[in-house]
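**Student:** Here the sequence shown is numbered in numbering that gives the first Met the number 0, starting from 0 and rising by one per residue. Note that beta-carbon positions come from the ideal geometry of N, C-alpha and C, so glycine has one too.
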Amino acid sequence: MKRILLPLLLLTLLLGGCHRKPREVTIVADGSNDKQATGVPELPYLMKPGFTPEIGVWYKVMTDRDTLFAMVDYLDGDSIQGTCYTVEQGSNCTDPQHIDSRRMWQRITQHATVYEYRDPTYLAIHDYRYSKEIFDVEKKSDIEYATASGFWCSKTGAEDKSYAAILGEGLVNSLMTSKQHLTMDIYMPCDDTTARRPLLLLLHGGGFYVGDKSDEHIAGWCHDFAAKGYVAVSINYRMGFKPTKASVTRTGYRALQDAHAAMRYLMENAEDYGIDTNMMFVGGTSAGAITALNLAFMRDKDRPTETRRHGDLGGIDACGNAYRHEVKIKAVANMWGAVNSLALLRNNTCDIISFHGDADPIVPCNIGYPFSEYGEWIGERVFGKMYGSIPIDQRAQEMGMRSEIYLFPGQGHSLHRNDDGSMNRENYLFIEDKITQFFYDEMVATPAQIRESRNDPRGYYVDGQGLRDISWKVEGGFIMGLDDNTIDIVWRTDAPKHTLTVCGRYPNGIGFETTYRQTLD
């Protein structure tokens, strides 16, 4: 035995080309000196002494001193041809040696414990949760989440009317407030076994004057995101104002209070709806985007002075229902919205993705007044200066937030609609795809990565918190140890590639797969 193994060990030392740093632990037959030996997947496949090898099968040969991996390529009577790899102590790779006779095979396996070597079963996770539509969708309609005093909370059928006609009709209804029953539609994935899902609240646009939670574009996005695994919600909120700056400001603030009440209701009932309250997203179009941004960033200290005059409207969370929860938004999708002050962004580290037409005459893409197509003086008197998607993105990046902006050259307002009110499918799907990826990256802020161990030349581990269902796959090497998130590998120097792949799930159930390519010195 020694006459065979000693020359092999000397030859591997001469060939070089690998890390051969001495290590403290040596694998032996019973695994008593190897911290991970019991996790090696092939150990149950023990071969009887004097067995006849099968062609094309790897065997792990273990003596009290050495470990080898051997495979027979040809077997005919006394003739055996094959390859073996001796694992040098402390090395992270091994060189091939030729097996040229049955006698050599017998010497290698004599007085050794031999196992049939099998890689662990790779349980690939083909999980497209939160990135593709994989679920059927269940819709719960008209769930009341709050009651509050206002002019109205739904106005449909205004798509074909001009803003002037809409405002004229609304003046009659904005003389006196009344009790409004505020409702939401909840879209949920069917047959989803995940206990807690991300929440996405989407707010329709309409200048704080028209619109409804059933808006086909908002409802369509709610359906699509629920099909990806979200709990998606569309709400009705209070609208309507008199043609004064104070009245417009107060209406925008009421919408914010309603959005806040909706979030508190959903947090209160998070268990019933399967909501992860640490993963709450919000988005909206136009007035809905303004409300979404205010929900993410405005605090009571930022309340406009108009909300305290002519009857104090109370704090942001003081209206609608009695639930008390701290609403923390993870990220916001700003679709042609704006804020009245960039200072609001100091209140949260919430990340932002923005979409805006650079020729928008309704909500300024840069800094300006809303409804500029009717003359700047209307904006100054009624709506006030606003900061659109461009300055929002610039300020967010200056503050170190993650922010993306997509500008549509030459395009105006309501990018998801054509001039006739029908869906602009190209823009609609583009926006959905970008939001999907942006939110997905929020949920996987630190992707799992394979890293080399600093203390073990053979060691690798998958870096990440709370990872589960880990599965490994090795190409071009042998597994020496396996335990939870760590693996020990010896690489074959003659293999055409050396890759290590791991898959598993993040704590929130999202599947991952990542590959590491090893380069031998």
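Out of curiosity, what's the CA-to-CA distance linking Y186 and C152?
**Tutor:** Roughly 20 Å between the two C-alpha positions.
**Student:** Express the C-alpha separation of D311 and D350 in angstroms, rounding to a whole number.
**Tutor:** Between D350 and D311, the C-alpha separation is close to 31 Å.
**Student:** Where do the ends of the beta strand (DSSP E) carrying Y439 lie?
**Tutor:** That residue, Y439, is in no beta strand (DSSP E); its alpha helix (DSSP H) goes 424-442.
**Student:** Taking S177 as the reference, which of K329, G149, G204, T85 has the closest Cα?
**Tutor:** Cα-wise, what sits closest to S177 is G149.
**Student:** In this structure, how does DSSP classify D92 when only helix, strand and coil are distinguished?
**Tutor:** The sequence shown places Cys at residue 92, not Asp. Strand, per DSSP.
**Student:** Near G508, what residues of its chain come up, given a Cβ to Cβ distance below 7 Å and the 5 sequence neighbours on each side ignored?
**Tutor:** For G508, where only same-chain residues beyond five positions count, the Cβ hits under 7 Å are R128, T193.
**Student:** Cβ-heavy atom distance between L466 and the ligand ZN below 7 Å?
**Tutor:** Looking for the ligand ZN in the displayed structure turns up nothing, as the structure carries no ligands at all.
**Student:** Identify whether Q396 lies in helix, strand or coil by the three-state DSSP scheme.
**Tutor:** Q396: helix per DSSP, three-state reduction.
**Student:** Please report how far the alpha carbon of A254 lies from the alpha carbon of I289, in whole angstroms.
**Tutor:** If I take the Cα positions, the gap works out to 10 Å.
**Student:** Whose CA, out of F224, R345, V232, lies closest to the CA of F296?
**Tutor:** Of the listed residues, the one whose Cα sits closest to F296 is R345.
**Student:** For the alpha helix (DSSP H) containing T108, name the first residue and the last one.
**Tutor:** T108 -> alpha helix (DSSP H) spans 101-108.
**Student:** Under 8 Å by Cβ, that's how I've got V381 and K244 pegged, so tell me the actual separation to the nearest angstrom.
**Tutor:** With 8 Å as the limit, V381 and K244 qualify as a contact, their Cβ atoms being about 6 Å apart.
**Student:** What three-state label does DSSP hand Y127 in the structure shown?
**Tutor:** Reduced to three states, the DSSP call for Y127 is coil.
**Student:** Between the beta-carbon of T306 and the beta-carbon of T248, is there less than 8 Å?
**Tutor:** Yes. Within cutoff.
**Student:** Per DSSP, what are the beta-bridge partners of M385 in this structure?
**Tutor:** G367.
**Student:** Nearest CA to the CA of I315: which residue from H259, H309, M334?
**Tutor:** Checking every option, the nearest Cα to that of I315 belongs to H259.
**Student:** May I have the straight-line CA-CA distance separating G55 from P48, to the nearest angstrom?
**Tutor:** So the two alpha carbons sit approximately 19 Å from each other.
**Student:** Can you tell me the Cα-Cα spacing of W335 and A286, whole angstroms?
**Tutor:** Cα-Cα distance, rounded: 9 Å.
**Student:** Does the beta-carbon of A145 have 16 or more other beta-carbons within 10 angstroms, so that it is buried, or is it exposed?
**Tutor:** Burial call: buried.
**Student:** Do N347 and I391 have their C-beta atoms within less than 8 Å of each other?
**Tutor:** Contact: no.
**Student:** What's the C-alpha gap between D257 and E512?
**Tutor:** Near 41 Å, if we compare the C-alpha coordinates of E512 and D257.
**Student:** From Q179 to E143, what does the alpha carbon distance come to, in whole angstroms?
**Tutor:** Looking at the two C-alpha atoms, the distance is approximately 10 Å.
**Student:** Short of 8 Å in beta carbon distance, which residues of its chain neighbour N423, apart from the five on each side in sequence? Order them along the chain.
**Tutor:** Closer than 8 Å at Cβ, skipping near neighbours: L414, H415, R416, N417.
**Student:** Would you identify the three-state DSSP class for L266, choosing helix, strand or coil?
**Tutor:** According to the sequence shown, residue 266 is Met rather than Leu. M266 falls in the helix class under three-state DSSP.
**Student:** Who are the Cβ neighbours of D493 in its own chain at under 6 Å, not counting the five residues just before and after it?
**Tutor:** So the list reads P95, once near-sequence residues are dropped.
**Student:** Have a look at V27 and A395 and give me their C-alpha separation to the nearest angstrom.
**Tutor:** Only weak support exists for where V27 lies, its pLDDT of 31 falling under 50; the value from the coordinates is given anyway. Going by the C-alpha atoms only, they are around 58 Å apart.
**Student:** Take every Cβ of the region 98-110, pair it with every Cβ of the region 59-71, and state whether three or more of those distances are shorter than 8 Å.
**Tutor:** Verdict: yes, contact present.
**Student:** Excluding the 5 residues preceding and the 5 following Y515 in the sequence, name in chain order all residues of the same chain whose CB lies nearer than 6 Å to its CB.
**Tutor:** Contacts found: I449, L499.
**Student:** For G503 versus I469, is the C-beta spacing smaller than 8 Å?
**Tutor:** Taking 8 Å as the Cβ cut-off, G503 and I469 qualify as a contacting pair.
**Student:** From which residue to which residue does the beta strand (DSSP E) around H355 run?
**Tutor:** That run of the beta strand (DSSP E) goes 350-356.
**Student:** Going by DSSP in three states, W57 sits in which element: helix, strand or coil?
**Tutor:** Strand at W57.
**Student:** Measuring only the C-alpha atoms, how far is M183 from K212?
**Tutor:** The straight-line gap from Cα to Cα measures roughly 7 Å.
**Student:** List the endpoints of the continuous alpha helix (DSSP H) containing F296.
**Tutor:** 286-296 is the span of the alpha helix (DSSP H), which, as asked, contains F296.
**Student:** Taking only three categories from DSSP, how would you classify A524?
**Tutor:** Since the first and last residues shown for the chain are 0 and 520, residue 524 lies out of range.
**Student:** Reducing DSSP to helix, strand and coil, say where L14 ends up.
**Tutor:** Because the pLDDT at L14 is just 39, under 50, the model does not fix this residue reliably, and the point stays unresolved.
**Student:** Using only the alpha-carbon positions, how far apart do D63 and D487 sit?
**Tutor:** Spanning the two alpha carbons is a distance of roughly 20 Å.
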